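In the working numbering, the protein residues as written are 559 to 1353. C-beta: ideal position from N, C-alpha, C; glycine also. Only a predicted model underlies this, so the values are computations on that prediction, with no experimental measurement involved.
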Amino acid sequence: MSGSFKASSSQKAFLSPTDVAELTAAAVAALPSTLSQANLSLKKATSSAHRAENGDIVHHHQATHRGGNATLVTSTTTTIHHMGGAGKPGVAAPAQPPQFSLHSHGHHHHHHLSHGASLLANGSLSSLAGGTLGGNGLDGTSAGSALAASPTFQGDLNQIDAGLNSEDADVQLEAAKKLRVLLSSERDLLIRQMLEKNWTPRLIKWLRLRDRPTLQVEALWALTNIAAGATDNTSVLLQNGVIPTLVSLLDSTNEEVLEQSVWVLGNLAGEGAATRDLVLSAGALTPLVNNLKKTSWDRLSLLRILTWTISNLCDGQPRPVFDIGLILPYLAKMLTSTDTEILSHVCWAFSHLCDGPSTHIQAVVDSDVCFRLVELLSHSSWRVTKPALRAIGNIVCAEDDHDYTQHIIECGAVPSLRRLIAHSNREIQKEACWTLSNIAAGTVDQIQCVLDSGCIPSLMGLAASDTTDAEVKSEACWVVLNATSCGSDSQIEYLVNQGCIQILGNLLEETSMVMMALEGLERILQVGELEAKRTDSPNPYASLMASANIETLVSHKSATVAKRASRIWQQHFVTCAICLGPFSKHSNDTFFCAECKCNVCKNCDCTVFHLKYQESLWKEETEKETNEKQARQASKRSKRQKKRQRTKERKAALLRGQKAAPSNGKGSKQNQQQKGQQQDNSSSDEASSTKSGGGGGGGNRRRRHDADDSASENGSTGSNEEEEDGGATTPGDEEEATLEDEVNVDVLDEMVNANDKLVSYLLETGSIMALAERLDLEDDSTWLVAEKDRTAIHA
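In structure tokens form, the structure reads like this:
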């Protein structure tokens, strides 16, 4: 269980509306006789309360009294600063069993008193009554500001200073009363003046005048205001030995002196652990308890201040060292009260005691107050519910060797905690979830009590809602975490049906809770594996968890997180090698491909990676290339046949022209050549070029790209040469040349076809590399280039 961290608290007394009325009456009673209550009548009284933006409760009370030429305005402001739950969170430490962690929170609450009463009279303040303020009813704020700026303010300070240093009893009392009046209107300003003028030692000296209780009350009233101020003010009181003097007044028979003395001690005890220990070391606890013991229920004001002071003495870190057996019986008695303030103070005292050593918790449990604390969880005031809930939570959060969780459950706390989950107060919501989380970290039977209370659906709703306060959501998640880590198989099944997997999956993104979330998810998967083996079916929970992004944590920056995530993933999940989707390891949605040696989901097809598929694909592509190649060759042969046909037609036409033309002279020969040239121009661009008409000179020739064209060109050249030599070509010669060309072309085609078959065979059998080596060719590409010289390769 983690240690608890608690911020230092500073608790001050606060006023209820009843206290405000009593204070007003006391202020009126303390007036001079000319302004006594008998001569004043209440003209107007207003009271209001509101909650400030920071959560403080501010109560305003103002009353206007008039009598003769005087006006008394009393304005009281009570501010309750409540900062519960703002403590530093505890750092979770391993607990037994290792699947869960108990976590604690530090808390403090702070009550601060600030009140002021404005008095306008025609006595020593007559100049104010007849001056800028007038004699009508005024509000306390404007009266206090005018008082601070008044020319008579310094004179009043001098008068008080003279009275404090006087030995005349009446002058002393008058100065003390005037000090109270000024403190009521300009408290902070006057306190600074008191400290600067060193009035504190004189006021403390007056406390020892037991035969003058009225003067004691006035001095205590001034010291109470100083103690309620800053820490520096408290230091001045401590330096002048105020604590022993105050403790000596705890046996006073004057109730007002006793009450005011307890009040000052309560403010000092709430200042911090050091000041608290000074009060305890001065022996204040025993007389405080004795007064609590003998005070009757009708003395409500004194009981409130006594319980509040004792609560402050129990507060603070480190925890105080004293015999709590001295106060427990009387605190237990105070729990039977019906007063909200007394119950609040006593519950806070029990909360502080239960946040200490296990011996303190044992003593509280043995005092039989747990049943009453559980009852107070249903109190109508959150000021009682919250400290009672805190006390219950601290008892449940005890160390493992002193587990009192079962005792709290037997007191009926779980149903009350379930109701508090939906409380309107955020702090109470958080505390209720925190207490339930620590109960859920217990035994299976204790977890079952939480489940039977019906609080899980509400907790799931808080954990899943985006509108839930962050701290409340965190505590709700802790309930789910501890229940899944420590619950039985049937309990985990219930939690899964309630949607805990989604909650735990969301926690994987929280750095502080990722390890606990992984632990809970692994526990759920283990239960699912047992169910899978029992029913011979896939893990029913793994498929629900596949989208929880556990795989992304395998590369987490924390080695511990990465190791845990990797172990979970390897044991329970697989990844499709094609779509990379996560799947349960034994799910029917995936299969292991022996040829690919990987897992593949049903939505993906891995046959495209198989060797047979690749071979068939390669064969298909080879056949396609072969067909395309044969088509190209057929196209070439067709073109060559067409060329030969055109050549035959041109030669036949030429022969017919030669027969028709006269053959006796050079002129007729030139005419015949011109006619042949015209026929050639009218034919296609691929016909052989002929010699132009006119005188001698070489003709231009186009290179042919195949053997057929070369043969034609050779024949044409020979014919032209013969013509240049003056010889005549007979039809028999032309016919013979044409037949020879056709034979050459046919032979060449047969050679090309044979060569193509050889190349295809070599490609299919894989022997092309061996042939390339014999031909001194480097690779297949060189072989393909060598195909151009098919005759040589074939040979």
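Looking from the CA of E776, the closest CA among W764, A842, D769 and A785 belongs to W764. Nearest C-alpha to Q1056 among L1066, P1015 and N1157: P1015.
Assigned with DSSP and collapsed to three states, C1013 falls in coil, not helix or strand.
Judged by DSSP secondary structure, F908 falls within the alpha helix (DSSP H) whose first and last residues are T898 to C912. For A980, there is no enclosing alpha helix (DSSP H), as DSSP marks it with neither H nor E. Under the 10 Å beta carbon count, P759 is surrounded by fewer than 16 other beta carbons and is classified as exposed. Annotated as proximal: L975 and L994, with beta-carbon spacing under 8 Å. Nearest to S938 by C-alpha distance, out of C955, S982, T917 and Q717, is S982. Between I762 and T803, the C-beta gap is smaller than 8 Å, which places the two residues in contact. In this structure, Q717 sits away from A727, with a CB-CB distance that is not shorter than 8 Å. Between C905 and L884, the C-beta gap is not smaller than 8 Å, which leaves the two residues out of contact. Inclusion of A971 and V927 in the CB contact set at 8 Å is not warranted, their separation being larger than that value.
L1083 is a Cβ neighbour of I1126, given a cutoff of 8 Å. In the displayed model, K1115 falls within coil according to three-state DSSP, outside both helix and strand. Closest by C-alpha distance to Q987, out of A1021, E813 and Q1172, is A1021. Sequence-distant partners of H965 (beyond 5 residues in either direction) whose C-beta falls short of 7 Å from its own C-beta, in its chain, are V923 and C928. Assignment of R768 by DSSP, reduced to helix, strand and coil, places it in the coil class.
Collapsing the DSSP output to three states places Q875 in coil.
The distance from the Cβ of I997 to that of V954 is about 6 Å, consistent with a contact at the 8 Å cut-off. In this structure H960 is in contact with I919, their Cβ atoms being roughly 7 Å apart against a cut-off of 8 Å.
In this structure L935 does not touch P878 by the C-beta definition: roughly 26 Å separates them, more than the 8 Å allowed. The residues M1073, in chain order, have a CB closer than 8 Å to that of T1118 in the same chain once the five nearest residues on each side in sequence are set aside.
With contacts defined as CB atoms closer than 8 Å, S859 and E817 qualify as a contacting pair. The continuous alpha helix (DSSP H) containing Q1060 extends over residues C1058 to L1065. Annotation for L836: the continuous alpha helix (DSSP H) segment containing it runs A831 to S839. Residue range T963 to E968 is occupied by the alpha helix (DSSP H) that includes H965. For R941, the enclosing alpha helix (DSSP H) stretches over residues W940 to V954.
Taking 8 Å as the cut-off, the Cβ atoms of H1130 and N1107 do not count as close. Under the DSSP assignment, R984 falls in the alpha helix (DSSP H) whose first and last residues are R984 to I997.
Here A780 is buried. Its C-beta has 16 or more other C-beta atoms within 10 Å. By the CB criterion at 8 Å, T782 and V822 fall inside the cutoff. Here T963 is buried, its C-beta having at least 16 other C-beta atoms within 10 Å. Where D1094 is concerned, there is no enclosing alpha helix (DSSP H), because DSSP gives it neither an H nor an E. A residue is called buried once 16 or more other Cβ atoms fall within 10 Å of its Cβ, and N1161, having fewer, is exposed.
The beta carbon of W1036 sits closer than 6 Å to those of S995, all from its chain and outside the five residues before and after it, given in chain order. Between L846 and V820 a beta carbon distance of about 7 Å is seen, short of the 8 Å cut, so the two are scored as contacting.
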